[in-house]
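FYI, UniProt numbering numbers position 158 of the sequence shown as 158, with every residue one higher than the one before it.
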Amino acid sequence: MFKAESSGKAVSFAVIAPGGFRRWCRSTAPGTVIPMTPSQPAPTAAAAAAEPAPTAAEPSRHIRTAIIGFGLSGRSFHAPLIAADTAYSLDVIATSDAGRRAAASASHPGATIVSDGAEVLALAERLDLVVIGTPPATHFPLAKAALEAGLDVVVDKPFAVSSAEGEELIALAAELGRVLTVFHNRRWDGDFLTVQQLLASKAVGEVYRFESSFERWSPDIAKAWKASATAAEGGGLLFDLGSHLIDQAIQLFGPAQVDHAELRIHRADEKADDDVFLVLRHESGVRSHLSMNALCAQQGPRFRILGSAGGFTKHGIDPQEPYVRAGGSPLDADYGVEASEWAGLLGRDGQLQPLPTQRGNYPEFYRLLAAKILDGGTASPRPLPVDPEDAVAVLKIIERARTLAS
Numbered sequence: 001m002f003k004a005e006s007s008g009k010a011v012s013f014a015v016i017a018p019g020g021f022r023r024w025c026r027s028t029a030p031g032t033v034i035p036m037t038p039s040q041p042a043p044t045a046a047a048a049a050a051e052p053a054p055t056a057a058e059p060s061r062h063i064r065t066a067i068i069g070f071g072l073s074g075r076s077f078h079a080p081l082i083a084a085d086t087a088y089s090l091d092v093i094a095t096s097d098a099g100r101r102a103a104a105s106a107s108h109p110g111a112t113i114v115s116d117g118a119e120v121l122a123l124a125e126r127l128d129l130v131v132i133g134t135p136p137a138t139h140f141p142l143a144k145a146a147l148e149a150g151l152d153v154v155v156d157k158p159f160a161v162s163s164a165e166g167e168e169l170i171a172l173a174a175e176l177g178r179v180l181t182v183f184h185n186r187r188w189d190g191d192f193l194t195v196q197q198l199l200a201s202k203a204v205g206e207v208y209r210f211e212s213s214f215e216r217w218s219p220d221i222a223k224a225w226k227a228s229a230t231a232a233e234g235g236g237l238l239f240d241l242g243s244h245l246i247d248q249a250i251q252l253f254g255p256a257q258v259d260h261a262e263l264r265i266h267r268a269d270e271k272a273d274d275d276v277f278l279v280l281r282h283e284s285g286v287r288s289h290l291s292m293n294a295l296c297a298q299q300g301p302r303f304r305i306l307g308s309a310g311g312f313t314k315h316g317i318d319p320q321e322p323y324v325r326a327g328g329s330p331l332d333a334d335y336g337v338e339a340s341e342w343a344g345l346l347g348r349d350g351q352l353q354p355l356p357t358q359r360g361n362y363p364e365f366y367r368l369l370a371a372k373i374l375d376g377g378t379a380s381p382r383p384l385p386v387d388p389e390d391a392v393a394v395l396k397i398i399e400r401a402r403t404l405a406s
């Protein structure tokens, strides 16, 4: 229905010289770390809190953006992040829920509110970017249609419900010369950034075990689609939380194979896994133990790292999501700053040292994406915030885990 050649804007946009845009932001690429040695004092929580909120100068052109889906993902992640970044304009929001349409109109009065993805794609000539924050089974058809309409695309995790679908989208984006990326936002959790810094410092020596858990007490299934979605449709914690934990482990320790997988269902009327345990064997030699549980009344550590010279334990969950859900903005001075009492503990030689959590930075995803698009899109040497090939690697591990657990 929609062809790439139907959109002339993509060509004119791509050939604008990089100098035609002001350098509206400058940020550190994901994965960049500042080594910490024992002689370097860890930053204090007060210093972290005093760090100014990210800001950007006004760009000479906005990236005209639509969001498809206004549930948790669209409402509490994508819309606030896009609205806070001056490189973007939030032009269209699509949701089939009447209450959510009213909420979208109230919180983003400058946006056109429509009912579904088809209405968004009918407006493709007015857009540059589509963000897909709908249930997983819809990711592939919506992303495919958006790419064919000549638009750049952000897909929420999981990228698709199979690695084959993900690979097809990557090939299509390359053929059409469109930017395609996946919202693996937890690469910018403050605790994960802290772990990256810790590993770069070699403070725990050579890591031999990495434990990562995401546990919740959710005895009732809150979302209607989650209550009915099977694993084949993208339902279950392995897709929902496993996408994050697997991606983080691979970012830290490199490619991995699945050595062991347990998938169980505890909640009544659940159609897919709500209790998951994986053991990954990385090519680097590290073993990752990943746990996800939706029926956990007493949560354990978020991270535990064991190494030849020490260990690290971190409790608590990154505060960015609850902060925005409570009405905060990514532009607030205290956005992403974790309370000092949640600092992790670094243990060496029988001594425990608090390690303050770095500031979380979800806005970095959209800053990196804007830099890529405004510098010529796929022709630009700038990195994507998340390479979709990384998301396919995650899907392949999920597929292998399901095979082992069956």
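Just so it is clear, CB atoms sit at the ideal spot from N, CA and C, and this is done for glycine as well.
Legend entry - In DSSP terms, what histidine 62 is bridged to: In DSSP, histidine 62 forms no bridge with anything.
Legend entry - Outcome for glycine 74 when other beta-carbon atoms lying within 10 angstroms are tallied against a minimum of 16: buried
Legend entry - Inside the region 316-351 only - alpha helix (DSSP H) runs reaching at least 4 residues: 320-325
Inset, instruction - Go through the region 87-165 residue by residue and report every complete run of the alpha helix (DSSP H) that reaches 4 residues or more, in order. - result: 98-107, 117-121, 139-148
Legend entry - Spatial distance of phenylalanine 159 from alanine 146 (CA atoms): 14 Å
Inset, instruction - Mind checking who glutamine 353 pairs with in its DSSP beta bridge? - result: Leu346
Inset, instruction - Report the residue from Pro80, Leu127, Glu119 whose alpha carbon sits nearest the alpha carbon of alanine 104. - result: Pro80
Inset, instruction - Could you have a look at histidine 78 and say whether DSSP puts it in helix, strand or coil? - result: In the structure shown, histidine 78 adopts helical secondary structure according to DSSP, grouped into three states.
Legend entry - Identified DSSP bridge partners for threonine 230: DSSP, once it has assigned bridges, lists no residue as partnering threonine 230.
Legend entry - Close-in-space but distant-in-sequence residues of the same chain around residue 414 (CB under 8 Å, 5 per side omitted): This structure leaves residue 414 out entirely; the chain is present only between 1 and 406.
Inset, instruction - Along the beta strand (DSSP E) that carries aspartate 191, what are the first and last residues, could you check? - result: Not the beta strand (DSSP E): aspartate 191 falls in the alpha helix (DSSP H), residues 190-201.
Inset, instruction - Could you spell out where the alpha helix (DSSP H) holding leucine 241 opens and where it closes? - result: No alpha helix (DSSP H) holds leucine 241; DSSP gives it neither H nor E.
Inset, instruction - Indicate the three-state DSSP secondary structure (helix, strand or coil) for asparagine 185 in the structure shown. - result: helix
Legend entry - Contacts around proline 41, its chain only, beta-carbon distance under 8 Å, and the 5 residues preceding and following it disregarded: Note on proline 41: pLDDT 38, under 50, position unreliable in the model; no value is reported.
Legend entry - threonine 37 - DSSP class collapsed to helix/strand/coil: Residue placement at threonine 37 is flagged as unreliable, the pLDDT there being 34, under the threshold of 50; a coordinate-derived value is accordingly withheld.
Legend entry - Cβ contact (3+ pairs, closer than 8 Å) linking the region 356-371 and the region 133-149: no
Inset, instruction - Just mark arginine 287 as buried or exposed, buried being the case when its beta carbon has 16 or more other beta carbons within 10 Å. - result: In summary, arginine 287 is buried, with 16 or more beta-carbon neighbours lying within 10 Å of its beta-carbon over all protein chains present.
Legend entry - Where glutamate 167 falls: helix, strand or coil (DSSP): helix
Inset, instruction - Please determine, among Leu346, His282, Ala149, Gln197, the residue with the shortest C-alpha to C-alpha distance to arginine 304. - result: Leu346
Legend entry - Pair within 8 Å by beta-carbon distance, tyrosine 85 and arginine 367: Strictly speaking, residue 85 in this sequence is aspartate, with tyrosine absent from that position. A contact, by the Cβ cut-off of 8 Å.
Inset, instruction - Please name the residue in Gln299, Ser162, Phe210 whose C-alpha comes closest to that of arginine 235. - result: Inspection of the sequence shows that residue 235 is occupied by glycine rather than by arginine. Closest option to glycine 235, Cα to Cα, is Ser162.
Legend entry - Given glycine 71 as reference, the closest of Ile63, Gly166, Ala94 once Cα atoms are compared: Ala94
Legend entry - alanine 272 in three-state terms, based on DSSP: Coil, per DSSP.
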